[in-house]
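Student: Take this structure first; my questions come after.
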Amino acid sequence: LNQVTQAEIKSIKSQFNPHFVFNALNSIQGLITKDDIESAYIYLNDFSQLLRNSLTESEKDLISLSKDIDLIDNYLKLEQLRFGFHYQINIDGKINKDIIEVPVLLLQPVIENAIKHGISSLYERGVLKIDYNTNGNDLIAMVSNNGTGYNNSNSGRGRGLKLTNERVVLLNKLLKEQSVHWQISNTGSGTQVIFIFKNWLL
Numbered sequence: 638l639n640q641v642t643q644a645e646i647k648s649i650k651s652q653f654n655p656h657f658v659f660n661a662l663n664s665i666q667g668l669i670t671k672d673d674i675e676s677a678y679i680y681l682n683d684f685s686q687l688l689r690n691s692l693t694e695s696e697k698d699l700i701s702l703s704k705d706i707d708l709i710d711n712y713l714k715l716e717q718l719r720f721g722f723h724y725q726i727n728i729d730g731k732i733n734k735d736i737i738e739v740p741v742l743l744l745q746p747v748i749e750n751a752i753k754h755g756i757s758s759l760y761e762r763g764v765l766k767i768d769y770n771t772n773g774n775d776l777i778a779m780v781s782n783n784g785t786g787y788n789n790s791n792s793g794r795g796r797g798l799k800l801t802n803e804r805v806v807l808l809n810k811l812l813k814e815q816s817v818h819w820q821i822s823n824t825g826s827g828t829q830v831i832f833i834f835k836n837w838l839l
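Our numbering puts the first residue of the sequence shown at 638, with every later residue one more than the last.
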C-alpha cells in the first residue's frame with residue numbers, strides 16, 4: 638500500500654511543475670506585452686534559477702522548512718515583479734526552520750491561487766501574508782490575502798487546490814504519528830488558508 642501511495646504522491650507532484658511553469662511563463666509574457674523588456678529579462682533569469690531549484694527539491698518527499706520558504710520567497714519575488722503586490726513571510730522565533738522538514742511545495746498551489754484569483758487585479762493594493770506559528774506540538778502555516786473571497790461557486794477555478802487536497806489525503810495515508818489538515822475560509826476581507834501539521838514538532 639505504501640509503495641502505491643508513494644507512487645500516487647509522486648504522480649500528483651509531477652503535475653505541480655507544469656502548473657507552476659505555465660503561470661510563470663504567463664508572467665513573462667505579460668511583461669513582454671507591456672514592452673517591459675528589462676524586467677522580462679530579469680524575470681526569465683530568476684525564473685530559470687527557481688525552476689532548477691524547485692525541480693531538484695520536488696524529487697524529495699520532505700525538505701527543510703527553510704528551503705521550502707526560500708522557494709516560496711523566490712516565487713513571490715517573481716510574481717511581485719509583474720503584479721506589484723506586497724507580501725510578508727513571518728516565522729515564529731521558536732521554530733527551527735533548518736531542522737523541521739515539511740512536504741515539499743505543499744503550499745505552492747495555494748499561494749499561486751491566492752495571487753491569480755485573489756490579489757493580481759489589485760496590484761500595489763494587494764497584500765499576501767504567510768505566517769508560520771506553533772500550537773503545542775503542531776506547526777501552523779497560514780496563507781492570507783485581501784483579494785476576492787473564496788466561496789463554493791468559484792472553488793473550481795483553482796486546479797491547484799484540487800491537487801493540494803488530493804496530495805494531503807495521500808500524505809495522511811503514509812504518515813503514522815503525524816497528519817496534515819487544511820481548510821479555506823472567507824475572512825470577509827479576503828481569503829485565509831490554514832495548514833495544520835499535527836505532531837510535527839515532536
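Every residue gets a Cβ at the ideal spot worked out from N, C-alpha and C, and that includes glycine. Quick caveat: nothing in here was measured; it's all calculated off a predicted structure.
How many angstroms separate the CA atom of Ile831 from the CA atom of Tyr712?
Tutor: C-alpha separation (whole angstroms): 20 Å.
Student: How should Leu839 be labelled, buried or exposed, when 16 other C-beta atoms within 10 angstroms of its C-beta is the threshold for buried?
Tutor: That one is exposed.
Student: Start and end of the alpha helix (DSSP H) containing Tyr712?
Tutor: Where Tyr712 is concerned, the enclosing alpha helix (DSSP H) stretches over 702 to 720.
Student: Distance, Cα to Cα, Ser792 vs Thr828?
Tutor: Confidence is the limiting factor: at Ser792 the pLDDT is only 47, short of 50, which leaves the residue's position unreliable and the question unanswerable from this model.
Student: Would you kindly work out how many angstroms separate the C-alpha atoms of Ile756 and Leu743, rounded to a whole number?
Tutor: One C-alpha to the other measures close to 20 Å.
Student: Are the C-beta atoms of Pro655 and some chain B residue less than 9 Å apart?
Tutor: Checking the listed chains, one finds no chain B in this structure; it contains a single protein chain.
Student: Excluding five sequence neighbours on each side, which residues of the same chain lie with their C-beta closer than 6 Å to the C-beta of His723?
Tutor: Excluding positions up to five away in sequence, the list reads Val764.
Student: Using 8 Å as the threshold, is the segment 799 to 811 in touch with the segment 723 to 739, meaning 3 or more CB pairs across them?
Tutor: No: fewer than three Cβ pairs fall under 8 Å.
Student: What do you get for Leu807, buried or exposed, if any count of 16 or more other CB atoms within 10 angstroms of its CB means buried?
Tutor: Buried is the call here.
Student: Under the three-state reduction of DSSP, which class applies to Val806: helix, strand or coil?
Tutor: Note: Val806 maps to helix in three-state DSSP.
Student: For Asp683, report the span of its alpha helix (DSSP H) as first-last.
Tutor: Residues 674 to 694.
Student: With DSSP as the reference, identify every bridge partner of Trp819, one or two as the case may be.
Tutor: Paired residue(s): Phe832.
Student: If Asp707 and Tyr769 are in contact, beta carbons under 8 Å, what's the gap, nearest whole angstrom?
Tutor: 13 Å between Cβ atoms; not a contact.
Student: If you draw a straight line from the alpha carbon of Asp705 to that of Met779, how long is it in whole angstroms?
Tutor: About 14 Å.
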